[in-house]
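Q: Can you keep this structure in mind? I'll have questions shortly.
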Amino acid sequence: MTTDLPTTQDEWRIRLSPEEFYVLREAGTEPPWSGEYVETKTEGVYNCRACGAALYESGSKFDSHCGWPSYDDAIPGAVREIEDRSLGMVRTEIRCANCDSHLGHVFRGEGFTPKNTRHCVNSLSIRLDPAA
Numbered sequence: 038m039t040t041d042l043p044t045t046q047d048e049w050r051i052r053l054s055p056e057e058f059y060v061l062r063e064a065g066t067e068p069p070w071s072g073e074y075v076e077t078k079t080e081g082v083y084n085c086r087a088c089g090a091a092l093y094e095s096g097s098k099f100d101s102h103c104g105w106p107s108y109d110d111a112i113p114g115a116v117r118e119i120e121d122r123s124l125g126m127v128r129t130e131i132r133c134a135n136c137d138s139h140l141g142h143v144f145r146g147e148g149f150t151p152k153n154t155r156h157c158v159n160s161l162s163i164r165l166d167p168a169a
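What the sequence shown shows, in my numbering, is residues 38 to 169, in sequence order.
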C-alpha cells in the first residue's frame, strides 16, 4: 500500500490516467461490460488502484450480470460507505477507507448471495494481485 498519498487533485492527476482519475477522484463510472475484471475468475486480492490498499478477496466475487465486478463483502475496514443522493435517488457510495477514492456503490436486499449484498465496483478502481 502506498503511504505517501497525493494531497491535491493535481497530484492525483499525475499519478492516475485520465480514465482512472475520472472514476477514482471524480466519482465517475466506467461503461457497463467495459472493465477488465467483470468476468475475471483469477484468485487473489483486489487492491485500490489509487493507493494499493487491499479491498476485496477473490472469494467474495460473484457473477451478478450487472456489467461491473461484484463482491458480496469487502475486507473488514477496507471501504467506507457514504450516502449518495446524485441522479435523483438515494444510493450508498463505497470509497477506499485509506485514500478516499471512489470505488462504486453497494446495494442490499437483492438476493444474489447469502449476505444479500452487492458491492458494484468499477474495474478502473481496482487492481488484481493474483494469488501466487
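Ideal Cβ positions, reconstructed from N, Cα and C, are used throughout, including at glycine. This structure is a prediction, so every number in the text was calculated from the model and none was measured.
Runs of 3 residues minimum, wholly inside the stretch 58 to 127: which ones carry the beta strand (DSSP E) assignment?
A: As far as the stretch 58 to 127 is concerned, its whole beta strand (DSSP E) runs of at least 3 residues are 81 to 85, 91 to 94, 116 to 121.
Q: Helix, strand or coil for E147? Go by DSSP, reduced to three states.
A: In the sequence shown, counting from the first residue as 1, residue 147 sits at position 110. Note: E147 maps to coil in three-state DSSP.
Q: Short of 7 Å in beta carbon distance, which residues of its chain neighbour G114, apart from the five on each side in sequence? Order them along the chain.
A: Counting from 1 along the sequence shown, the entry for residue 114 is found at position 77. Excluding sequence neighbours, G114 sits near A134.
Q: Roughly how many angstroms lie between the CA atoms of V127 and E120, to the nearest whole one?
A: Sequence index remark: in the sequence shown, residue 127 carries index 90 (1-based). Sequence index remark: in the sequence shown, residue 120 carries index 83 (1-based). Distance between the alpha carbons of V127 and E120: 7 Å.
Q: Report all residues from its chain with a CB closer than 7 Å to the CB of N84; omit the five preceding and five following residues, and keep chain order.
A: Residue 84 sits at position 47 when you count from the first residue of the sequence shown. So the qualifying residues of the chain are A90, A91, L92, I163, R164, D166.
Q: Over the uninterrupted alpha helix (DSSP H) stretch that includes D137, give me the two end residues.
A: Taking the sequence shown and counting its residues from 1, one reaches residue 137 at position 100. Note, D137: premise wrong, no alpha helix (DSSP H); not H, not E.
Q: Starting from D47, trace the alpha helix (DSSP H) in both directions and tell me its first and last residue.
A: One-based indexing of the sequence shown puts residue 47 at position 10. Here the alpha helix (DSSP H) through D47 covers 46 to 52.
Q: In terms of DSSP beta bridges, what is P167 paired with?
A: Here residue 167 refers to the residue found at position 130 when the sequence shown is read from its first residue. P167 is bridged to G81.
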